[in-house]
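Q:
2 protein chains.
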Amino acid sequence: MELSLRRLRTLREVARRGGVNAAAATLHYSPSAVSQQLEALSVEAGAPVLERVGRGVRLSEVGRVLVEHAEVLLAAERRAGAAVEGARQTLSAHLTVGVFPAAGAGVLPAVLADLAARHPGITLDSVEGDGESVVTDVRDGHLDLALLLDYPDAPEPWKADLRVVPLGQDEIHLAVADGSAHGPGAALEALADEDWILSGPHTYWGRAVRTACRRAGFDPRVRHHVDSSATALAMVAAGLGVALVSDLGRVFCPSRGVVVVPLARPLSRTISIAHLPHTGERPTARAVLAAFARAAGAAGLAPVEAVHEGRAGQVPTRSEAASRANPSSSGTRGT
Amino acid sequence: MELSLRRLRTLREVARRGGVNAAAATLHYSPSAVSQQLEALSVEAGAPVLERVGRGVRLSEVGRVLVEHAEVLLAAERRAGAAVEGARQTLSAHLTVGVFPAAGAGVLPAVLADLAARHPGITLDSVEGDGESVVTDVRDGHLDLALLLDYPDAPEPWKADLRVVPLGQDEIHLAVADGSAHGPGAALEALADEDWILSGPHTYWGRAVRTACRRAGFDPRVRHHVDSSATALAMVAAGLGVALVSDLGRVFCPSRGVVVVPLARPLSRTISIAHLPHTGERPTARAVLAAFARAAGAAGLAPVEAVHEGRAGQVPTRSEAASRANPSSSGTRGT
DNA sequence: CACCGGTGTCAAGCTTTGCTTCATGGAGCT
DNA sequence: AGCTCCATGAAGCAAAGCTTGACACCGGTG
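Each protein sequence line maps, in turn, to chains A and B.
Going by our numbering, the first residue of the first sequence is number 1, and it counts up by one from there.
Going by our numbering, the first residue of the second sequence is number 336, and it counts up by one from there.
Laid out in structure tokens, this is it:
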């Protein structure tokens, strides 16, 4: 009995997904490779691991037993990996994190600078993607971590098997053209007659803003459907309409032509990091999580417990917020 | 972290043997292969798994941690294998057993016939060897089971990490030429002036017989140093001297010319089977053990708990003993 | 009924892994 | 110094393992 962890992994995936093709897709194999691995497992076990039923396939009794033990073995493998990471005096690993665009521009540079200073051995790759895709990629193990956005009215129950640690609140403000009549403390309902620049209702952002407007008593007249914050803000500067922008999104503000003013009734979204349960035991992953937490604080994101208060003046610039949140930081994030 | 059980196995072996060469020898690899596997493990772990010290090597901290987890993983692998064997409705496997010569001729045929009838899927290979070599081969995993002989005055403490299940007592008798003056119930000391046919003192058998004679008050005059029972018995038939022979050894008795008579003071050796602890959990191994137990009973070996009593007449033939021990058996052991 | 769209498997080819053999570099022993 | 033993490096070759493309099979559908 000379088992191979690789084969056990694919067997488990077949058991989870209920099919050879599905397992092959998530493992980035061809279906044929999965089939061959299962065949090899069957030879090893002395009995077929799965039996054909209809046009699909089902685990045999031996297959079920083997999957059961595969779970034990793979869990032990993960623990071994974490233990090795811990035993290595200098943390080093290669992690991949899924980010949404604003985070990529707004917090990733600070995180990378932080990591480079504290743990030079840790390298971080980022993959841009929306909330839905990154969560499934985390669940499949293709991403170690994923930054997520949670909007107040859109609970996301599909993260039940993931650990989600909140990073902070990303407050949402109003972006208007320079010289606009809308001053600090603008009420959302005062913008009912404006032209809006917003992403479509198929995005979380588009849906969240529409919901907020509707609660304020109007449907925004969206004249320009734009997915990227950078484009939206450029349009605002060009006088095409108004838009909402979050703290993080302000990295995309053009140098001139746009004024960001606080909303009368504060609106915010929660930024958090999702990962598989066992990832939290990896020392390198913990180091990265800590770096993200520091970067969030330095970027001026309010802690999730913070109580929202109305503000009197204009929204502080990011560097002002940063120095308030972390006076010792000199704001070394760039690009 | 994509561990390979094969590499972990060699790492553990290096840890146990304390060197690359030694591990390579027991694993039947070349030293270079072991070295390469360890290098691959080091890359995987992100840190060297072992460090050179003097002209040898020593495990690094990471290596120690990895070995610790390797033990867990390999134990889990063994359990998985046993579970698969159990889940397979028809027992089938290929086991290798180490035997001493008399057992090979005396009990193996019965065992194979028994297995062929009850579990056609189980195939058994046998390797002839002395007690010492088979024990180390069992310990290294090259043999699944090993038949052992234990002599009363020669405890063998080097089987501490093995499970040893006793099969029965193999009684030792006197073999003399046909027409000899020595009758039933011969006392050992009456043979002090005979010419002896015996193996050298480097063998367990030779040592045990010499010890028994010495306890009877004399040193046997060994004129013919013969390792094999078959040759010794042929020499007895030819009138070259006397020899001792065990129940199992009687399969080598020539058809005529030799008379086997019981000793006045019974002498016996214990036959047992040794295996690694986890082997006892394998259903196929249990089936083989059961077959050996049945064969031992059918061969007329007394249970180890049996009390020795002096006997009045000649030693019963093997088929008489067999029918007494197991009346339904028709004695189908041959060659 | 014939036809897709989907399943899993088979066969051939090629890349990669991984072993062996032979040669090299140190560390201890005489 | 010379010798021996241990571990490692380089080259070569065999086997494992993946991919592509073709096939067989089942189930729903026009």
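Beta carbons are placed, not taken as given, at the ideal position from N, Cα and C, and that holds for glycine.
Keep in mind it's a predicted model, so treat the numbers as computed, not measured.
Going along chain B, which residues have a C-beta under 8 Å from residue 337 (chain A)?
A: Beyond the ends of chain A as shown, which are 1 and 335, falls residue 337 (chain A); an answer cannot be given.
Q: Would a C-beta distance cut-off of 9 Å place residue 244 (chain A) and residue 301 (chain A) closer than the cut-off?
A: On the first sequence, position 244 is the one that residue 244 (chain A) refers to. On the first sequence, position 301 is the one that residue 301 (chain A) refers to. No; because the gap between Cβ atoms is not below 9 Å, this pair is not in contact.
Q: Where residue 382 (chain B) and residue 99 (chain A) are concerned, what is the direct C-alpha to C-alpha distance, given to the nearest angstrom?
A: Working through the second sequence from its first residue, we reach residue 382 (chain B) at position 47. Working through the first sequence from its first residue, we reach residue 99 (chain A) at position 99. If I take the Cα positions, the gap works out to 30 Å.
Q: Quick check on the DSSP output: the beta strand (DSSP E) that includes residue 67 (chain A) runs from which residue to which?
A: In the first sequence, residue 67 (chain A) corresponds to position 67, counting from 1. Note, residue 67 (chain A): premise wrong, no beta strand (DSSP E); alpha helix (DSSP H) at 61-87.
Q: Would residue 196 (chain A) and residue 222 (chain A) be called neighbours here (beta carbons separated by less than 9 Å)?
A: Your numbering for residue 196 (chain A) matches position 196 in the first sequence. Your numbering for residue 222 (chain A) matches position 222 in the first sequence. Going by C-beta atoms, residue 196 (chain A) is nearer than 9 Å to residue 222 (chain A).
Q: Mind checking which residues open and close the alpha helix (DSSP H) that includes residue 609 (chain B)?
A: Counting from 1 along the second sequence, the entry for residue 609 (chain B) is found at position 274. Per DSSP, residue 609 (chain B) belongs to no alpha helix (DSSP H); it is in the beta strand (DSSP E), 602-610.
Q: Is the beta carbon of residue 172 (chain A) closer than 9 Å to that of residue 267 (chain A)?
A: Indexing the first sequence from 1 puts residue 267 (chain A) at position 267. Indexing the first sequence from 1 puts residue 172 (chain A) at position 172. Taking 9 Å as the Cβ cut-off, residue 267 (chain A) and residue 172 (chain A) qualify as a contacting pair.
Q: On the three-pair Cβ rule with 8 Å, is the region 397-410 of chain B touching the region 372-386 of chain B?
A: yes
Q: To which residues does DSSP link residue 533 (chain B) through a beta bridge?
A: Counted from its first residue, the second sequence places residue 533 (chain B) at position 198. Residue pairing by DSSP places residue 533 (chain B) opposite B:560 in a beta bridge.
Q: Beta-carbon within less than 8 Å of residue 641 (chain B)'s beta-carbon, same chain only, minus the 5 sequence neighbours each way: which residues are those?
A: Taking the second sequence and counting its residues from 1, the one referred to as residue 641 (chain B) is at position 306. Legend: pLDDT at residue 641 (chain B) = 45, less than 50; position of this residue unreliable, value from coordinates given subsequently. Closer than 8 Å at the Cβ level, and outside the excluded window around residue 641 (chain B), lie 504.
Q: On a CA-only basis, which of B:360, B:437, B:563 is nearest residue 477 (chain B)? Give me that one, please.
A: Residue numbering aside, residue 477 (chain B) sits at position 142 when the second sequence is read from its first letter. Answer by Cα proximity: B:360.
Q: Could you tell me whether any non-hydrogen atom of the ligand NAP is closer than 8 Å to the CB of residue 209 (chain A)?
A: Annotation note on the ligand NAP: not contained in the displayed structure, which lists no ligands.
Q: Here's the rule: buried if 16 or more other CB atoms are within 10 angstroms of the residue's CB, otherwise exposed. What is residue 449 (chain B)?
A: Position 114 of the second sequence, counting from 1, holds the residue named residue 449 (chain B). Its Cβ being crowded by 16 or more others within 10 Å, residue 449 (chain B) is buried.
Q: If the cut-off is 7 Å on Cβ atoms, which residues from the region 59-76 of chain A count as contacting chain B, listed in chain order?
A: Here the close residues are 61, 62, 65, 66, 69, 72, 73, 76.
Q: Checking contacts by CB at 9 Å: is residue 40 (chain A) closer than that to chain B?
A: The residue you call residue 40 (chain A) lines up with position 40 of the first sequence. For residue 40 (chain A), the answer is no, since every Cβ of chain B falls outside 9 Å of its Cβ.
Q: Just how far apart, CA to CA, sit residue 299 (chain A) and residue 106 (chain A)?
A: For the purposes of this step, residue 299 (chain A) is identified with residue 299 of the first sequence, where counting begins at 1. For the purposes of this step, residue 106 (chain A) is identified with residue 106 of the first sequence, where counting begins at 1. Cα to Cα, residue 299 (chain A) sits roughly 8 Å from residue 106 (chain A).
Q: When burial is assigned at 16 or more other CB atoms within 10 Å of the CB, is residue 563 (chain B) buried or exposed?
A: If you number the second sequence from 1, residue 563 (chain B) lands on position 228. Counting Cβ neighbours within 10 Å, residue 563 (chain B) comes out exposed, since fewer than 16 surround it.
Q: Which residues in the same chain as residue 77 (chain A) place their Cβ atom closer than 8 Å to its Cβ, once the five residues preceding and following it in sequence are excluded?
A: On the first sequence, position 77 is the one that residue 77 (chain A) refers to. Contacts found: 5.
Q: Taking 9 Å as the CB-CB limit, is residue 453 (chain B) close to chain A?
A: On the second sequence, position 118 is the one that residue 453 (chain B) refers to. It does not: the Cβ of residue 453 (chain B) has no partner Cβ on chain A nearer than 9 Å.
Q: Can you name the start and end residues of the beta strand (DSSP E) that residue 166 (chain A) belongs to?
A: As a working mapping, residue 166 (chain A) is identified with position 166 in the first sequence. Note, residue 166 (chain A): beta strand (DSSP E), 163-177.
Q: For residue 384 (chain B), which option in B:436, B:375, B:395, B:364 has the closest C-alpha, if you only look at C-alpha atoms?
A: Translated into positions along the second sequence, residue 384 (chain B) becomes position 49. Looking at the Cα atoms, B:395 is the closest of the given residues.
Q: For the beta strand (DSSP E) containing residue 148 (chain A), name the first residue and the last one.
A: Along the first sequence, read from residue 1 onward, the residue named residue 148 (chain A) stands at position 148. First-last of the beta strand (DSSP E) with residue 148 (chain A): 145-150.
Q: Residue 599 (chain B) touches chain A at which residues, Cβ-Cβ below 9 Å?
A: Here residue 599 (chain B) is taken as the residue at index 264 of the second sequence, counted from 1. The premise fails here: residue 599 (chain B) is roughly 51 Å from chain A at the closest Cβ pair, so nothing lies under 9 Å.
Q: Is there contact here, the region 177-193 of chain A with the region 206-225 of chain A, by at least three beta-carbon pairs under 8 Å?
A: yes
Q: Please classify residue 84 (chain A): is it buried, with 16 or more other beta-carbons within 10 angstroms of its beta-carbon, or exposed?
A: The count along the first sequence starts at 1 and reaches residue 84 (chain A) at position 84. Its Cβ being crowded by 16 or more others within 10 Å, residue 84 (chain A) is buried.
Q: Please report how far the alpha carbon of residue 13 (chain A) lies from the alpha carbon of residue 27 (chain A), in whole angstroms.
A: Taking the first sequence and counting its residues from 1, the one referred to as residue 13 (chain A) is at position 13. Taking the first sequence and counting its residues from 1, the one referred to as residue 27 (chain A) is at position 27. Computed Cα separation, rounded: 8 Å.
Q: Taking residue 460 (chain B) as the reference, which of B:612, B:432, B:535 has the closest Cα?
A: Here residue 460 (chain B) refers to the residue found at position 125 of the second sequence. The shortest C-alpha separation from residue 460 (chain B) is found at B:432.
Q: Determine the DSSP secondary structure at residue 308 (chain B), reduced to helix, strand or coil.
A: The question about residue 308 (chain B) has no answer here: the residues shown for chain B are numbered 336 through 670.
Q: For residue 645 (chain B), which of helix, strand or coil comes out of DSSP?
A: Your numbering for residue 645 (chain B) matches position 310 in the second sequence. Low local confidence applies: a pLDDT of 39 at residue 645 (chain B) is under 50, so the model's placement there is unreliable, with the coordinate-based value given in what follows. If DSSP states are grouped into helix, strand and coil, residue 645 (chain B) belongs with coil.
Q: Along the alpha helix (DSSP H) that carries residue 39 (chain A), what are the first and last residues, could you check?
A: Locating residue 39 (chain A) in the first sequence gives position 39, counting from the first residue. Annotation for residue 39 (chain A): the continuous alpha helix (DSSP H) segment containing it runs 31-45.
Q: With a cut-off of 8 Å on the beta carbons, I'd call residue 593 (chain B) and residue 568 (chain B) a contact; round off their distance for me.
A: As a position in the second sequence, residue 593 (chain B) is number 258, starting the count at 1. As a position in the second sequence, residue 568 (chain B) is number 233, starting the count at 1. Sure, about 6 Å apart at Cβ, within 8 Å.
Q: Candidates A:148, A:181, A:118: which alpha carbon is nearest residue 286 (chain A)'s?
A: Along the first sequence, one-based indexing puts residue 286 (chain A) at 286. It is A:118 whose Cα lies nearest to the Cα of residue 286 (chain A).
Q: Which of the three DSSP states, helix, strand or coil, is assigned to residue 107 (chain A)?
A: In the first sequence, the residue the question calls residue 107 (chain A) occupies position 107. Coil at residue 107 (chain A), not helix or strand.
Q: Out of B:474, B:466, B:571, which has the shortest C-alpha to C-alpha gap to residue 484 (chain B)?
A: Against the second sequence, residue 484 (chain B) aligns to sequence position 149. Taking only the C-alpha atoms, the option nearest residue 484 (chain B) is B:466.
Q: Does DSSP classify residue 2 (chain A) as helix, strand or coil?
A: Locating residue 2 (chain A) in the first sequence gives position 2, counting from the first residue. When DSSP states are grouped into helix, strand and coil, residue 2 (chain A) belongs to the coil group.
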